[in-house]
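Only one structure is covered here, and it is reproduced in the block below.
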Amino acid sequence: MRFRVDPLPLPGTYRGTAIVVDVIRATTAALYLKAGATALVLARGAEAARALRQEGELLAGEVGGLPPEGFDLGNSPREVNGVVGKAVVMATTNGTRAAHAALGARHILLGSLQNARAVAEKARETGEEVHLVCAGKEGQMALDDLYTAGVIGKRLKALGFSPEGEMAHLALFLAENPSFPVLSSSEAAKALVGVG
């Protein structure tokens, strides 16, 4: 089996298994499920999230790093408290849009540094070719997502997958040779510091 890495989403091109990666916030905020949320609904944007929300559900997400007006939560991993027994409708600038771009894949998984092993093992169970779909940042490649795709790629490689294409090899190189602080030097991390 093979895995590819797309530095930006390519809507309508995914079949097999897509692992969506937006490491700094969206896929990390999927920790809502681990914290006891009953469901996590990914919306294309803030307006779509408002339209999807049903009574008793929480709105979570960000636009430009900050929670949109009327949202109950941002999308910081620190905000997962208070979601037990509730569904969360989430919209982010990049990650939830990347998840929607992956529609068409037979299986869509959310990948992060916290779940790299589990998501790789789940991808292997599907028996399908894997596409690691990096969300990017506002239409540009994001180094933190590429690094995380490499970490997941290392796990896939250990499970017998072969990297295909230059981006898969670059992502693996970043993950195997962290010679500089990839996450803290990323544009997404700088933006987080900017919004506090």
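Residue numbers for the sequence shown, in numbering that gives the first Met the number 0: 0 to 195.
Idealized CB from N, CA, C, for every residue including glycine.
Residue i: first and last residue of the uninterrupted beta strand (DSSP E) it sits in
i, result
"Thr16", "Thr16 to Val20"
"Leu32", "Premise fails: Leu32 lies in the alpha helix (DSSP H), Leu30 to Lys33, not in any beta strand (DSSP E)."
"Ala47", "Note, Ala47: premise wrong, no beta strand (DSSP E); alpha helix (DSSP H) at Ala45 to Leu51."
"Arg77", "Arg77 -> no beta strand (DSSP E), and no H or E assigned at all."
"Leu39", "Ala38 to Leu41"
Separation of residue j from residue i, as counted between CA atoms
i, j, result
"Glu68", "Val88", "14 Å"
"Glu54", "His99", "24 Å"
"Thr37", "Phe70", "18 Å"
"Glu78", "Glu56", "15 Å"
"Val19", "Arg96", "10 Å"
"Gly63", "Glu137", "10 Å"
"Leu32", "Gly81", "12 Å"
DSSP three-state assignment for residue i, whether helix, strand or coil
i, result
"Val192", "In this prediction, Val192 has a pLDDT of 49, which is less than 50 and means its spatial position is unreliable; what the coordinates show is noted afterwards. In this structure, Val192 counts as helix in the three-state DSSP scheme."
"Leu72", "strand"
"Gly84", "coil"
"Gly60", "strand"
"Leu65", "strand"
"Arg105", "coil"
"Ala97", "helix"
"Met89", "strand"
Whether residue i touches residue j by CB criterion (7 Å)
i, j, result
"Thr205", "Thr91", "Any property of residue 205 remains undetermined from this structure, which presents the chain solely from 0 to 195."
"Tyr13", "His130", "yes"
"Ile151", "Gly110", "yes"
"Gly149", "Leu112", "no"
"Glu163", "Arg3", "yes"
"Asn93", "Asp5", "no"
- Enumerate, from N- to C-terminal direction, the unbroken beta strand (DSSP E) stretches of 3 or more residues contained entirely within the segment 108–189. 129–133
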